[in-house]
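Trainee:
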Amino acid sequence: MSFNPAAETARYIDSLGPAALEKAASYTSASHWMLLLGLLVSALVTWIIVRLGILDKVSAKLERRGWALRTWLIGVTYFLVSALISLPWGVYQEWGFEKSYGRTSQPLSDFLMQDAIGIMISSLVGALFFLGIYALIRKTGKNWWLWSGGLAALAGAATLLLSPVLIEPLFNEYKPLQEGPVKAALVGMAADAGIPADRIFVFDGSRQSNNFTANVSGLFGSKRIAISDVALKGASLDEVKAVTGHEIGHYVSGHIWRMVGVLVLLAIVFFFFADRLYIRFARAFGSKAEIGDPRGLPVLIFIIGLLSLLAQPVMNAVVRQGERDADNYSLKHVNLPDALASALVKTAEYRYPRPSALQEALFYTHPSVEWRVRNAMEWKARQVKR
9 MSFNPAAETA RYIDSLGPAA LEKAASYTSA SHWMLLLGLL VSALVTWIIV
59 RLGILDKVSA KLERRGWALR TWLIGVTYFL VSALISLPWG VYQEWGFEKS
109 YGRTSQPLSD FLMQDAIGIM ISSLVGALFF LGIYALIRKT GKNWWLWSGG
159 LAALAGAATL LLSPVLIEPL FNEYKPLQEG PVKAALVGMA ADAGIPADRI
209 FVFDGSRQSN NFTANVSGLF GSKRIAISDV ALKGASLDEV KAVTGHEIGH
259 YVSGHIWRMV GVLVLLAIVF FFFADRLYIR FARAFGSKAE IGDPRGLPVL
309 IFIIGLLSLL AQPVMNAVVR QGERDADNYS LKHVNLPDAL ASALVKTAEY
359 RYPRPSALQE ALFYTHPSVE WRVRNAMEWK ARQVKR
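Numbering (this note's numbering), first residue to last: 9 to 394.
Rendered as structure tokens:
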């Protein structure tokens, strides 16, 4: 009997069982609706901050300070106040919702501690970035949005370079692989791809999530592959090899640079439209601040958030292509299609494997698990014929 990729794909997906598939569909659909709810929360937070004149009062108190320091402190105040107002939503979105679907076992106290760290970092760094934006508006006039791409490139590259060294260790513990068959196999795979053995780590991803994950982060000397302990504990050696092959594909293909390029282009587009739309949104929220006035930061941030949501299908399409490339790298260089398929099925617990084409195009950062398993089975079929 000939090998049938479609039948094998269906067998893999159906192995989850009707209950798990239904739960995955519910989780995925609810996640999509939460994007809209998040936008509404953002609108409410913007309205509250503007109507209460919070940044106006801060600006008045800092009137005698230098422009740069005043602008940065106004930005820090905005990010901190915004996070405080939206804290109930943030706790539900990032912890309560995940908890309700069994996607996290993290205690609330630990989540709140890590969330506080994240808020402080994003407030300080976010305010610094927008200090740069306001400086561009002052220095370059009406063409400031065009120069924003360079600032976005610098900020993006700096974040990617420093994140594995300064930021990620604040939330998780990263360790080299322990001696044994897994390390021997993965170090050998890395060596074949020209990756140093000390660039592969395991981290305690189970602290925040029960999801089966791995990732590539960093640039240049900070670049690394990190595998969650969830993946190591819940996978066979072949599955770990197949997943690591996928991450090696990201590592050697330079997909991070592709994303930086796309983000730069989107930053220019976002700030161009923000420049054109700012006055209308400022009036709608009741702000009298001009676009170059840091007191208008809540309105500017809301516009950028809205445009980011609308542009999500574009970003998702770019990411999905990178994921396809990484899958194909694993299939070509590791050649464990069944192990890759069974590992992918584990991710279907939190990413419904059979979305419609429209759902996938609009919301999915990865190709559907069904497509990815089918791709692996078609690869296997081609090997069988040889």
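Ideal Cβ positions, reconstructed from N, Cα and C, are used throughout, including at glycine.
Apart from the five residues just before and just after residue 246, which ones in its own chain have a Cβ nearer than 7 Å to its Cβ?
Mentor: Locating residue 246 in the sequence shown gives position 238, counting from the first residue. Counting only residues of its own chain and dropping the five nearest sequence neighbours on each side, residue 246 has a CB closer than 7 Å to the CB of 344 and 347.
Trainee: Can you give me the C-alpha to C-alpha distance between residue 382 and residue 277, rounded to a whole angstrom?
Mentor: Reading the sequence shown from its first residue, position 374 is the one you call residue 382. Reading the sequence shown from its first residue, position 269 is the one you call residue 277. When rounded, the distance between both Cα atoms is 36 Å.
Trainee: Quick one: complete alpha helix (DSSP H) runs, 4+ long, within the stretch 268-323?
Mentor: 305-318
Trainee: Tell me, to the nearest whole angstrom, how far the beta carbon of residue 279 is from that of residue 153; I am working on the premise that it is less than 8 Å.
Mentor: For the purposes of this step, residue 279 is identified with residue 271 of the sequence shown, where counting begins at 1. For the purposes of this step, residue 153 is identified with residue 145 of the sequence shown, where counting begins at 1. Yes, they are in contact, since the Cβ atoms of residue 279 and residue 153 sit about 4 Å apart, within 8 Å.
Trainee: DSSP puts residue 233 in a beta bridge; with which residues?
Mentor: Mapped onto the sequence shown, residue 233 falls at position 225. Note: residue 233 is bridge-paired with 208 and 224 in the DSSP secondary-structure output.
Trainee: Assuming residue 20 is part of the alpha helix (DSSP H), what are its boundary residues?
Mentor: Taking the sequence shown and counting its residues from 1, one reaches residue 20 at position 12. In the DSSP assignment, residue 20 falls within the unbroken alpha helix (DSSP H) covering 13-22.
Trainee: By DSSP, does residue 189 sit in helix, in strand, or in coil?
Mentor: Translated into positions along the sequence shown, residue 189 becomes position 181. Reduced to three states, the DSSP call for residue 189 is helix.
Trainee: Can you grab the Cα-Cα spacing for the pair residue 213 / residue 238, in whole Å?
Mentor: One-based indexing of the sequence shown puts residue 213 at position 205. One-based indexing of the sequence shown puts residue 238 at position 230. Their Cα atoms are separated by approximately 7 Å.
Trainee: According to the neighbour-count rule (16 or more other Cβ atoms, all chains shown, within 10 Å of its Cβ), is residue 148 buried or exposed?
Mentor: By one-based count along the sequence shown, residue 148 stands at place 140. Exposed: under 16 other Cβ atoms inside 10 Å.
Trainee: Per the contact definition of three or more C-beta pairs closer than 8 Å, is the stretch 182-190 in contact with the stretch 199-209?
Mentor: yes
Trainee: Could you tell me whether the stretch 65-78 touches the stretch 101-111, using the rule of 3 or more Cβ pairs below 8 Å?
Mentor: no
Trainee: In the DSSP assignment, find the alpha helix (DSSP H) that holds residue 184 and state where it starts and stops.
Mentor: Looking up residue 184 in the sequence shown gives position 176. Not the alpha helix (DSSP H): residue 184 falls in the beta strand (DSSP E), residues 182-184.
Trainee: Would you kindly report the start and end of the unbroken alpha helix (DSSP H) that includes residue 365?
Mentor: By 1-based counting over the sequence shown, the position of residue 365 is 357. It spans 365-371 - the alpha helix (DSSP H) in which residue 365 sits, taken as one unbroken run.
Trainee: State the DSSP-derived secondary structure class of residue 242, mapped to helix, strand or coil.
Mentor: Working through the sequence shown from its first residue, we reach residue 242 at position 234. Three-state DSSP puts residue 242 in coil, outside helix and strand.
Trainee: For residue 295, I'd like the list of residues in its chain whose CB is within less than 6 Å of its CB, leaving aside the five on either flank, ordered along the chain.
Mentor: Mapped onto the sequence shown, residue 295 falls at position 287. For residue 295, where only same-chain residues beyond five positions count, the Cβ hits under 6 Å are 58, 304 and 307.
Trainee: Which whole-angstrom value describes the C-beta separation of residue 254 and residue 337, a residue pair presumed to lie in contact below a C-beta threshold of 8 Å?
Mentor: If you number the sequence shown from 1, residue 254 lands on position 246. If you number the sequence shown from 1, residue 337 lands on position 329. About 7 Å; that satisfies the 8 Å criterion.
Trainee: If contact is defined by three or more beta carbon pairs under 8 Å, each pair taking one atom from either stretch, is the stretch 314-334 in contact with the stretch 159-176?
Mentor: no
Trainee: If you check the beta carbons only, do residue 293 and residue 55 fall under 9 Å apart?
Mentor: Stepping through the sequence shown from its first residue, residue 293 is reached at position 285. Stepping through the sequence shown from its first residue, residue 55 is reached at position 47. Taking 9 Å as the cut-off, the beta carbon of residue 293 is found closer than this to the beta carbon of residue 55.
Trainee: Helix or strand or just coil, what does DSSP make of residue 79?
Mentor: Indexing the sequence shown from 1 puts residue 79 at position 71. DSSP places residue 79 in helix when its eight states are reduced to three.
Trainee: Would you give the residue range spanned by the alpha helix (DSSP H) that residue 152 belongs to?
Mentor: The count along the sequence shown starts at 1 and reaches residue 152 at position 144. Element bounds for residue 152: 152-170.
Trainee: Straight-line CA distance for residue 101 to residue 94?
Mentor: Working through the sequence shown from its first residue, we reach residue 101 at position 93. Working through the sequence shown from its first residue, we reach residue 94 at position 86. Going by the C-alpha atoms only, they are around 10 Å apart.
Trainee: Give the secondary structure of residue 108 by DSSP, where H, G and I count as helix, E and B as strand, and everything else as coil.
Mentor: Sequence index remark: in the sequence shown, residue 108 carries index 100 (1-based). Correct three-state label for residue 108: helix.
Trainee: Residue 102 by DSSP, collapsed to three states: which one?
Mentor: As a position in the sequence shown, residue 102 is number 94, starting the count at 1. Helix.
Trainee: When you compare each of 84, 85, 121 and 82 to residue 99 by their alpha carbons, which one comes out closest?
Mentor: Counted from its first residue, the sequence shown places residue 99 at position 91. Nearest option by C-alpha distance: 121.
Trainee: Is the beta carbon of residue 197 sitting closer than 9 Å to the one on residue 89?
Mentor: On the sequence shown, residue 197 is found 189 positions in, with the first residue counted as 1. On the sequence shown, residue 89 is found 81 positions in, with the first residue counted as 1. No, the Cβ-Cβ distance between residue 197 and residue 89 is not below 9 Å.
Trainee: Does the beta-carbon of residue 72 have 16 or more other beta-carbons within 10 angstroms, so that it is buried, or is it exposed?
Mentor: As a working mapping, residue 72 is identified with position 64 in the sequence shown. Counting Cβ neighbours within 10 Å, residue 72 comes out exposed, since fewer than 16 surround it.
Trainee: Would you identify the three-state DSSP class for residue 345, choosing helix, strand or coil?
Mentor: Locating residue 345 in the sequence shown gives position 337, counting from the first residue. Residue 345: helix per DSSP, three-state reduction.
Trainee: Consult DSSP for residue 350 and reduce its assignment to one of helix, strand or coil.
Mentor: Here residue 350 refers to the residue found at position 342 when the sequence shown is read from its first residue. Helix.
Trainee: Once DSSP output is grouped into helix, strand and coil, what is the label at residue 70?
Mentor: Here the question's residue 70 lines up with position 62 in the sequence shown. Three-state result, residue 70: coil.
Trainee: Please say whether residue 134 and residue 83 have beta carbons closer to each other than 9 Å?
Mentor: As a first step, residue 83 must be located in the sequence shown, where it is residue number 75. As a first step, residue 134 must be located in the sequence shown, where it is residue number 126. Yes; because the gap between Cβ atoms is below 9 Å, this pair is in contact.
Trainee: Taking only the alpha-carbon atoms, compute the straight-line gap between residue 160 and residue 139 and give it to the nearest angstrom.
Mentor: Within the sequence shown, residue 160 is the residue found at index 152, counting from 1. Within the sequence shown, residue 139 is the residue found at index 131, counting from 1. Cα-Cα distance, rounded: 12 Å.
Trainee: Would you mind sorting residue 228 into buried or exposed? The rule is 16 or more other CB atoms within 10 Å of its CB.
Mentor: Counting from one through the sequence shown, the residue named residue 228 turns up at place 220. Residue 228 comes out exposed.
Trainee: Below 8 Å, how does it come out for the stretch 36-55 and the stretch 12-21: are there three or more Cβ pairs, yes or no?
Mentor: no
Trainee: Considering only their Cβ atoms, is the gap separating residue 300 from residue 145 smaller than 9 Å?
Mentor: Taking the first residue of the sequence shown as 1, we reach residue 145 at position 137. Taking the first residue of the sequence shown as 1, we reach residue 300 at position 292. Yes, the pair counts as a contact, with Cβ atoms nearer than the cut-off.
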